[in-house]
Each structure stands twice: as C-alpha cells, then as structure tokens.
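J.:
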Amino acid sequence: MKQTDSLGRSTFHQIAPQKCVRPAIREIRWLQHIERHGPQSSRYLYEKTRDTHRCKDTALRQMQKLRAAGFLMLPRQQRAAEHADFNPYVYDLTTKAKDHLFDLDIAEPAIRPTGHWWHGYMTSCVTSSIDIAAARDGVRYIPAHEILAIKDAPLAMPIGRGKLIPDQLFALDYGGSFRAFALEVDRGTEPKTTTAKRKSLASSIDLYRKLRIPEYPPTCSDNIRPSVPGYPPTFDALP
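At position 173 of the sequence shown the residue is numbered 172 (numbering that gives the first Met the number 0), and the sequence of numbers has no breaks.
#1: Indicate the three-state DSSP secondary structure (helix, strand or coil) for Arg224 in the structure shown.
#2: Taking its Cβ as the centre, do 16 or more other Cβ atoms sit within 10 Å of Thr162, making it buried, or is it exposed?
#3: I'd like the list of long-range same chain contacts for Arg139, defined as Cβ closer than 6 Å, with 5 residues on each side in sequence excluded.
#4: Figure out for me which residue from Gly174, Arg21, Arg160, Ala79 has the closest Cα to the Cα of Ala134.
#5: Report the residue ranges of all alpha helix (DSSP H) runs contained in full by the region 134 to 161; include only those spanning at least 4 residues, in chain order.
#6: Determine the direct distance from the alpha carbon of Trp117 to that of Thr10, and round the result to whole angstroms.
#7: Could you tell me which of Tyr88, Leu71, Phe70, Gly69 sits nearest to Arg78, measuring between CA atoms?
#8: Looking only at its own chain, which residues have a Cβ that is under 8 Å from the Cβ of Phe70, when we skip the five neighbours before and after it?
#9: Tell me whether the region 35 to 50 and the region 105 to 125 touch, counting them as touching only if at least three CB pairs, one residue from each stretch, are closer than 8 Å.
#10: Give me the Cα-Cα distance between Arg160 and Leu206, rounded to the nearest whole angstrom.
#11: Do Pro142 and Ala67 come within 8 Å of each other at the CB atom, strictly closer than that value?
#12: Helix, strand or coil for Phe101? Go by DSSP, reduced to three states.
#13: Starting from Asp205, trace the alpha helix (DSSP H) in both directions and tell me its first and last residue.
#14: Given this structure, state the Cα-to-Cα distance separating Arg178 from Phe169, to the nearest angstrom.
#15: May I ask you to report which of helix, strand or coil DSSP gives Phe85?
#16: Using C-beta distances below 6 Å, list every residue in its chain close to Leu44, excluding the 5 sequence neighbours before and after it, in chain order.
#17: Between Glu183 and Pro165, is the Cβ-Cβ spacing less than 8 Å?
#18: Is it buried or exposed, Leu103, if we count other Cβ atoms within 10 angstroms and call 16 or more buried?
#19: Quick one: what does DSSP say Leu30 is sitting in, helix, strand or coil?
#20: On a Cα-Cα basis, can you pick out the residue from Val125, Thr51, Leu73, Ser41 that is closest to Leu326?
#21: Where does Ala96 fall in DSSP's three states?
#22: Evaluate Cys54 with the Cβ neighbour count: other Cβ atoms within 10 Å of its Cβ, from every protein chain shown; 16 or more gives buried, anything less gives exposed.
#23: Is the separation between the beta-carbon of Thr126 and that of Gln167 shorter than 8 Å?
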C-alpha cells in the first residue's frame with residue numbers, strides 16, 4: 000500500500016511506519032500533556048516544550064516520527080474542519096503510548112473531557128493553554144484527578160435532586176495559595192433555556208449559583224464552590 004503522496008511526503012491518511020523509536024524526554028512531556036488534557040494541536044505541543052527546544056520544524060518532525068512509530072494518532076474528526084489540509088495536526092495518544100507511560104510509572108488517572116469530540120477538544124485547548132501559560136509564570140497547574148483524590152470525590156457535584164458536572168476542574172498553585180476553577184466551555188450548541196432534562200445555559204447558571212461559599216458575603220457571587228460533603232478538597236493536602 001502507498002504510504003506517501005506523489006512527492007514522497009506523509010499525508011493525513013498515510014505515513015511510512017518506523018521501528019525502534021523510543022520517545023525522548025521532550026516527547027515524553029508531549030505524551031503526558033496529551034494524557035492530562037486530551038487531544039492537542041501540534042502548536043500547543045510545540046509551545047509546551049519551547050522552553051527547552053525552540054526549533055518548530057524539528058518539533059513537527061518529531062511528532063510525525065512518533066506517529067510513524069505508533070505512539071500518536073490523528074483523530075479523524077479534525078478533517079471535518081474547514082480547510083483542514085491547512086490546519087495544524089491534532090494528535091492523540093494510541094494504546095502504545097499509554098502503555099509506554101504506564102511502563103515508565105508516570106501514567107496519570109487523568110479526567111479527560113468527554114462527550115462530543117469537538118467540545119472535548121475545545122475544552123482540552125483551554126486547559127492546555129492555561130497549563131502552559133501558568134508554568135511560564137511559575138504557577139503550578141493542578142489537574143482534576145489530584146483535586147478529587149483528596150476526598151475520593153467524583154467530578155459530579157450533587158445539587159439538590161440534580162448534579163452539576165463541569166466540563167473540567169482544575170486549580171492553580173501560586174506557591175502556597177490556591178484557587179480552584181470549574182470550567183464550562185460553550186460552543187454555542189446548547190439552548191439558553193429548555194423544559195427538557197438536557198443541559199441549558201440557564202440551568203447551568205442556576206446550579207452554579209447554588210454553590211456559593213457560605214463564609215463569603217452574598218454579594219460575592221463570583222466566589223463559588225460546592226457546598227456538599229467532600230467539597231471543597233483541602234488544598235493543604237496537595238503535594
């Protein structure tokens with residue numbers, strides 16, 4: 000089977016396999032970043048390691064090498080984007096990559112975005128960019144699984160008869176002080192209001208309003224947290 004185009008280049012659907020490829024330290028950082036956040040554009044992966052490797056072309060070639068070796072794959076959903084051939088590739092982990100992280104004893108029980116692929120990808124872009132930018136300012140990004148593990152709590156927060164499930168949960172460690180965030184990503188696909196049980200903008204806002212911090216004045220509506228057993232986790236317990 001042909002594995003390149005007429006000029007001998009790899010394409011979205013075709014790439015010549017490579018053997019005896021072992022991810023180096025930079026490539027391991029890419030794999031861990033994808034594992035933590037979800038599918039990542041090559042631009043984000045390059046920015047993740049730009050502090051130690053500034054050549055973009057070399058980075059792109061290494062990503063292709065990992066793909067050829069079976070560590071990275073290209074989710075087919077990205078082809079539905081307009082002018083897909085001119086967009087940076089979006090990579091995700093293969094089973095081989097996940098096994099490799101496990102063998103190195105650095106795999107994380109990450110809580111990745113769920114649901115529609117494009118919604119999950121947008122969520123992963125948001126948290127990824129925050130993680131990268133925070134690190135450059137000396138701020139540590141704390142993923143959802145570390146927060147929830149403190150009290151062995153689920154992501155779903157019980158509110159009355161319902162549940163609030165944010166698109167993602169994370170916190171930032173400013174060097175002894177912490178701030179946690181429940182993230183909601185809106186692609187304009189949800190109705191503003193609905194009488195059905197499906198999620199709507201109005202219902203989400205109503206649930207978040209029920210999570211105000213008791214010790215804060217009622218006027219501080221921007222300061223919210225779950226007011227249910229196990230929430231919020233005690234950040235002093237974080238490593």
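No residue lacks a Cβ here, since even glycine has one placed at the ideal position from N, Cα and C.
T.: For this structure:
#1: At Arg224 the pLDDT is 42, less than 50, meaning the model places this residue with poor confidence; the figure from the coordinates comes in the next sentence. In this structure, Arg224 counts as coil in the three-state DSSP scheme.
#2: The sequence shown places Lys at residue 162, rather than the Thr named in the question. By the C-beta density criterion, Lys162 is exposed, having fewer than 16 other C-beta atoms within 10 angstroms.
#3: So the list reads Asp172, once near-sequence residues are dropped.
#4: For the options Gly174, Arg21, Arg160, Ala79, the alpha carbon positioned closest to that of Ala134 is the one of Gly174.
#5: Fully enclosed alpha helix (DSSP H) runs of 4 or longer: 143 to 148.
#6: Answer to the nearest angstrom: the Cα atoms are 22 Å apart.
#7: Checking every option, the nearest Cα to that of Arg78 belongs to Tyr88.
#8: Spatial neighbours of Phe70 in its own chain (CB-CB distance under 8 Å, excluding positions within 5 residues in sequence) are listed in chain order as Val20, Pro22, Glu26, Leu30, Leu92, Thr93, Lys95, Ala96, His99.
#9: Because the criterion of three Cβ pairs below 8 Å is met, the region 35 to 50 and the region 105 to 125 touch.
#10: Roughly 11 Å separates the two Cα atoms.
#11: No. Outside cutoff.
#12: Assignment of Phe101 by DSSP, reduced to helix, strand and coil, places it in the helix class.
#13: Here the alpha helix (DSSP H) through Asp205 covers 200 to 208.
#14: If you take the alpha carbons of Arg178 and Phe169, they lie about 9 Å apart.
#15: The DSSP-derived three-state label of Phe85 is helix.
#16: Around Leu44: Trp29.
#17: Yes.
#18: Label assigned to Leu103: exposed.
#19: Judged by DSSP in its simplified three-state form, Leu30 adopts helix.
#20: Any answer about residue 326 is impossible in this case: the structure gives the chain only from 0 up to 238.
#21: The answer is helix: DSSP assigns Ala96 an H, G or I state.
#22: Classification for Cys54: exposed.
#23: For Thr126 and Gln167, yes; Cβs fall inside 8 Å.
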